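Trainee:
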Amino acid sequence: MSTPHISDYIKQSLSRKLSLWIVSFAALIFIISLGFMFSQSLRTVRQEAVNRATQVLDNTTLRVNSILQMVEIATENTEWVIKKHIDAPDSMFIYSKQILLNNPDINGCSIAFEPYYFRDRGLYFSAFSLREGDEIKTTQEGNDHYEYFYMDWYLMPKLLDRPIWTEPFFDYNPDDVTYNAMIASYCKPIKDDFGIFIGTLSVDISLDWLSNTISAVKPYPNSYSIMIGEGGTYFVHPDKEKLFYQTIFTETLETPNPEISELGHAMLRGEEGMRQLVIDGAESYVFFKPLGNTGWSVAIVCPESDIFSGYTRLRRIVIGIVLFGLLLMLFAFVRIIRKEMEPLKKLATQTGTIAEGHFDQTLPDDGRTDEIGQLSQSFGNMQQSLVSYIEELKQTTAMTASLENELKVANNIQMSMLPSVYPDFKGLDLHASMSPAKEVGGDLYGFVEKENQLYFCVGDVSGKGVPASLFMAQSAQLFRVLAAQGSKPEDIATYMNNELSENNDANMFVTMFIGLLNIDTGRLDFCNCGHNAPVLDAKFLDMKHANLPLGLFKGFEFEGETVDDIRGKMMLLYTDGLNEAENPAKELFGDDHILEFMAKAGNMTAEEVLDKLKAEVEKHRDGSDPNDDMTLMCLKLS
Amino acid sequence: MNFIRRAVTAILILASPATLLAQEKFVFTPQWTAQAQFAGYYVALDMGFYKDAGLDVEIIHPTSTLTAMNRIRSNDSHATTLQLCQAMEIIDRGIPLVNILQTSMNNSMVIVSRRGVNPLTQQGERIGIWSVGFGQLAKCMSIKDNLNYDWIPFATNVNLFIKGGLDATLAMSYNEYYQIVQAGYELTDEEVYRFRDSGYNVQEDAIYMTREYYEKHKDQARRFADASRKGWEWAAEHPKETLEIVMKYVQVNHIATNRILQKLMLEDVLDAQIDRESGKREFRLRPDMVKLASDLMVECGMLENEVTYEQLKAD
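So the protein lines, in turn, are chains Y and F. Residues in the first sequence are numbered from -10 upward in steps of one, following the numbering used here. Residues in the second sequence are numbered from 18 upward in steps of one, following the numbering used here.
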């Protein structure tokens, strides 16, 4: 048992088909308009996210920069005092302390000098002040265990010859004081009057506030902020294991990730921007911006799902509503169209009943004036026309039957007009047949015995059917009468012509071959009136006068001819129903075919010749209906 | 039956060397903070190889105020690790040292250029060097190859290099090199000069103790060396487990590093322990490398006298 296909299910119902078309079209419009709306919304949400994150990032960097700048300004302001009192090393302790006193955000300050800069102070001289709670401790921090002049904070401004921010670090000097907090230092080279580097002024600031400020940046529920140093090291990151221990590139050493590497390089180059990439398996947007002139970079990582959560929720709801709406629409349309089409269905059933012949079936009339109502009315009119037409048809059929019956009678009469008894002359073998193409034909043949002579003729009336048969009857009758009077063939023709052309308004005519055979001598006198040449001894009879067919021009003088002796020769007379018999390919039976046949017919009787010739014609027709009456006459005098 | 079995087990336990000797206290101080460079020692301690050797080993890492050599001098530590050139310098300064286990078979020092050029073209430029020693070979190379680098000693990390204060820096291929890569530098072979490939393949890390201590504790030194070697061999066979052990020490000591860096370091250090000629972990000091290092350092004025293989070698 085969399962019906869904397309068949749809095809079987116009309401389903129509509804599906309408809903598909509506769906297409929805898809296009919603697609446009979603893409626009997506762009807007993304832009809004960019604006929001950028604004948050700008605010954060602004706040951070203001504090960092404060440190930078404080450092600048201290430098000139140091240079002014460079010959008083002990004053450095006061200045390093003073900077802390004046700036509560600053945690420590080193005023460190090159080895042996102050000869009397030895290798190390670094005045260092540190805030510890409410107190400020000031010491000389250089010693054999803390060779400050190898430290980054000291070396960098020296080597780079400009102020720098160090990478955040945990400073340690267990012999003196210990920092537990992450700090960064703003370090400025100190130069003498000749521009020669003599030491570094370093101001420390705790980065805990920085870390807290940046960590607090959270424009979206699952977003987080990071800060990296110039070497890519994470100085702010929600994952404490990465803090200080990993750089943005660390994981790419094991698993190359070009997107992360590119982001890292962009941040290290101090660029500001946005990247879209996968972080920890989640599509994320990263907004980044450098922090002043520290060389550090801050970034906000926002998971895409967070940014677009509202949009995604809205999209789901809208798609849900649209899908539900489309299904509802489909359901409603199927119902409505089916209801509207109900009379049509009824009409289809009732017209089916009418088609089966129940013409009295009443069609629905629910008073509708729409197309369906019009269709129903048209069907009603058609039904009435059909009923009256069928009535007419019945009458016509009855008339046709009667006419056919009459034609049958006419055929019988016509056939009875043709001689059915052949003359009993010794040595004469004569046979003839007439096969009308319709119920009645226009061909004729005849023969009349007159002492030792035989009159015979074969004719073909122009046209077919009843008029031709009547003209044929008249011609046959005239031949019999004139032959019985013993006239010559050409006289018979002349007389017949005059008779037939009289009152011949229909301009009908008959071609005819009239022969007179002397049984004793074999002499044949004949007059051919526009008829096909007979075949004599397998050759067409050579005739000098073609003459005209009978009935055309009154008063025409017909010429006769003579063949001295036809004894022992087979003679075939025929109408054009023989040589022009057509097969389905419209090919004619043809004169050659006749001659070919007659050449083999020397030993046959006249009846055999006609039977075989007719069989040959049947064969040639190959199932085609006869296109003309066919009359054959064969005679042989021994 | 059970009694006999227990008795035999007891005899066997009593007869084992670890129990025959009382657990001797032995303090070992590697020359740097905790990292995979010393993986073999952590393994030997954690896997009980030292204990099996009858040693109660304590690994105490140096601090900035108390270096490994200071601890050796003050007899607070009994053994340390040193690079061959460092050890030669110390011997030349009058502190006889004995090499009781040579671990490194190849040199791991490199020069990394910051300018994207071959370091051999950076004549007279600023090159970073550790302020705490190492780098003797580099100084020799600078002299011999007429590069006259401007050496900038730095304390601890590669920030100076990253910040742009240096034109190039010395780095250990297992440590600072990866720190630089981790900072986003994509280094080409052209930018990295490898001493071992340039006629300066001098062995590095080995365990040293003062000759004075060694003479009095030869057996102890031998057992420590053997257990340490066993630790390194186990590490080479079990790198994953070794990394876990290393990370434990790294975390306890709050070292600013990460698993990936330590993994890379372990691989590099283990690779440097394979002799390039024999293809094996030989754990032996090569006289030819001692001679090469000594000749170079004498020539460059870093040693007053030649330091010979015999001077370094344990009995």
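Note that the Cβ used here is the ideal one computed from N, Cα and C, for glycine as well. Since the model is a prediction, treat every value here as computed from it, not as a measurement.
Any chance the stretch 212 to 227 of chain Y sits against the stretch 272 to 290 of chain Y, with 3 or more Cβ pairs inside 8 Å?
Mentor: Yes, since at least three Cβ pairs between the stretch 212 to 227 of chain Y and the stretch 272 to 290 of chain Y fall closer than 8 Å, the two stretches touch.
Trainee: List the residues of chain Y that F/Ser148 touches, going by C-beta distances under 8 Å, in chain order.
Mentor: The answer, in chain order, is Glu136, Tyr139.
Trainee: Among Y/Asn92, Y/Phe233, Y/Asp133, which one has its Cα closest to the Cα of Y/Glu156?
Mentor: Ranking the options by Cα distance to Y/Glu156, first place goes to Y/Phe233.
Trainee: Starting from Y/Tyr84, trace the alpha helix (DSSP H) in both directions and tell me its first and last residue.
Mentor: Where Y/Tyr84 is concerned, the enclosing alpha helix (DSSP H) stretches over 80 to 91.
Trainee: Can you tell me which of the three DSSP states F/Gln319 falls into?
Mentor: According to the sequence as given, residue 319 of chain F is Met; it is not Gln. In the structure shown, F/Met319 sits in coil (DSSP, three-state: anything other than H, G, I, E or B).
Trainee: Would you list the one or two residues that DSSP bridges to Y/Glu585?
Mentor: Note: Y/Glu585 sits in no beta bridge, so no partner.
Trainee: Kindly indicate if chain Y contains any beta-carbon less than 8 Å away from that of F/Ile169.
Mentor: Chain Y, which has a Cβ nearer than 8 Å to the Cβ of F/Ile169, makes this yes.
Trainee: Would you kindly work out how many angstroms separate the C-alpha atoms of Y/Phe320 and Y/Ala344, rounded to a whole number?
Mentor: The alpha-carbon atoms of Y/Phe320 and Y/Ala344 are separated by roughly 34 Å.
Trainee: Spell out the partners DSSP gives Y/Phe276 in its beta bridges.
Mentor: According to DSSP, which records beta bridges pairwise, Y/Phe276 is partnered with Y/Met263, Y/Ile289.
Trainee: Could you list which residues in chain Y have their beta carbon closer than 8 Å to that of F/Thr274, in chain order?
Mentor: Under the 8 Å cutoff, chain Y gives Tyr234.
Trainee: Can you give me the Cβ contacts of Y/Val166 inside the same chain, cut-off strictly under 6 Å, excluding the 5 residues immediately before and after it?
Mentor: Below a pLDDT of 50, predicted positions are generally treated as unreliable, and Y/Val166, at 41, falls in that range; the measurement from the model is reported next regardless. Excluding residues within five positions, the ones whose Cβ falls inside 6 Å are Leu119.
Trainee: Under 8 Å Cβ-Cβ, which residues of chain F neighbour Y/Phe238?
Mentor: Those are Val198, Gln199, Ala200, Gly201, listed as they occur along chain F.
Trainee: At the 8 Å Cβ level, is F/Ala70 part of the contact set with chain Y, yes or no?
Mentor: No, because no Cβ of chain Y sits closer than 8 Å to the Cβ of F/Ala70.
Trainee: Can you give me the C-alpha to C-alpha distance between Y/Leu459 and Y/Val376, rounded to a whole angstrom?
Mentor: C-alpha separation (whole angstroms): 39 Å.
Trainee: Any contact between the stretch 492 to 505 of chain Y and the stretch 434 to 448 of chain Y? By contact I mean 3 or more CB pairs, one from each, below 8 Å.
Mentor: The answer is yes - the stretch 434 to 448 of chain Y touches the stretch 492 to 505 of chain Y, with three or more Cβ pairs under 8 Å.
Trainee: Examine chain F for any beta-carbon lying closer than 8 Å to the beta-carbon of Y/Leu149, and answer yes or no.
Mentor: For Y/Leu149, the answer is yes, since a Cβ of chain F falls inside 8 Å of its Cβ.
Trainee: Based on Cα-Cα distance, which residue from F/Arg88, F/Gln52, F/Leu281, F/Val286 lies nearest to Y/Thr244?
Mentor: It is F/Leu281.
Trainee: For the stretch 198 to 221 of chain Y, which residues have a CB atom closer than 9 Å to at least one CB atom of chain F, in sequence order?
Mentor: Correct list: Gly218, Glu219, Gly220, Gly221.
Trainee: Nearest chain F C-beta to Y/Ile187 closer than 8 Å, yes or no?
Mentor: No, Y/Ile187 does not count as interfacial toward chain F.
Trainee: Can you name the residues of chain Y whose CB is closer than 7 Å to the CB of F/Gly152?
Mentor: The premise fails here: F/Gly152 is roughly 13 Å from chain Y at the closest Cβ pair, so nothing lies under 7 Å.
Trainee: So, at 6 Å on beta carbons, what are the nonlocal neighbours of F/Ser33 in its own chain, with the 5 sequence-adjacent residues on each side left out?
Mentor: Unreliable placement is indicated for F/Ser33, whose pLDDT of 46 sits below 50; no coordinate value is reported for it.
Trainee: Is the separation between the beta-carbon of Y/Met560 and that of Y/Leu624 shorter than 8 Å?
Mentor: In this structure, Y/Leu624 lies closer than 8 Å to Y/Met560 by Cβ.
Trainee: Since F/Gly216 and F/Leu187 are thought to touch, with beta carbons under 8 Å apart, how far apart are those beta carbons, to the nearest angstrom?
Mentor: Not a contact, Cβ separation roughly 17 Å.
Trainee: DSSP three-state call for F/Arg228: helix, strand or coil?
Mentor: Helix.
Trainee: My output table needs one value for Y/Asn517: the three-state DSSP class, helix, strand or coil.
Mentor: Note: Y/Asn517 maps to strand in three-state DSSP.
Trainee: Could you tell me which of Y/Ile306, Y/Arg304, Y/Ser273, Y/Gly284 sits nearest to Y/Ser294, measuring between CA atoms?
Mentor: Ranking the options by Cα distance to Y/Ser294, first place goes to Y/Ser273.
Trainee: Decide if the stretch 53 to 65 of chain Y is in contact with the stretch 83 to 101 of chain Y; the criterion is three or more beta carbon pairs, one per stretch, under 8 Å apart.
Mentor: As far as the Cβ criterion goes, the stretch 53 to 65 of chain Y touches the stretch 83 to 101 of chain Y, which means the pair count is three or higher.
Trainee: From F/Val219 to F/Met306, what distance separates their C-alpha atoms?
Mentor: Cα-Cα distance, rounded: 5 Å.
Trainee: Is there at least one Cβ from chain Y nearer than 8 Å to F/Gly133's Cβ?
Mentor: With 8 Å as the cut-off, F/Gly133 does not count as an interface residue toward chain Y.
Trainee: Kindly indicate the opening and closing residues of the alpha helix (DSSP H) around Y/Tyr143.
Mentor: Counting along the chain, the alpha helix (DSSP H) containing Y/Tyr143 begins and ends at 141 to 149.
Trainee: Does any CB atom of chain Y fall closer than 8 Å to the CB of F/Leu187?
Mentor: So no, F/Leu187 is outside the interface.
Trainee: I want to know whether the stretch 138 to 149 of chain F touches the stretch 307 to 318 of chain F - three or more CB-CB distances under 8 Å.
Mentor: No, the stretch 138 to 149 of chain F is not in contact with the stretch 307 to 318 of chain F.
Trainee: Under the DSSP definition of a beta bridge, which residues are partnered with Y/Leu443?
Mentor: Partner(s): Y/Glu438, Y/Leu506.
Trainee: With H, G and I counted as helix, E and B as strand and the rest as coil, what does DSSP make of Y/Met673?
Mentor: Residue 673 of chain Y lies beyond the range of chain Y shown here (-10 to 627); nothing can be said about it.
Trainee: Could you work out which residues of chain Y lie near F/Leu177, taking near to mean beta carbons separated by less than 9 Å?
Mentor: Correct list: Asp141, Leu144, Met145, Leu148.
Trainee: Just tell me which of Y/Leu443, Y/His420, Y/Met406, Y/Gln339 has its CA closest to the CA of Y/Gly431.
Mentor: Considering only alpha carbons, the answer is Y/Met406.
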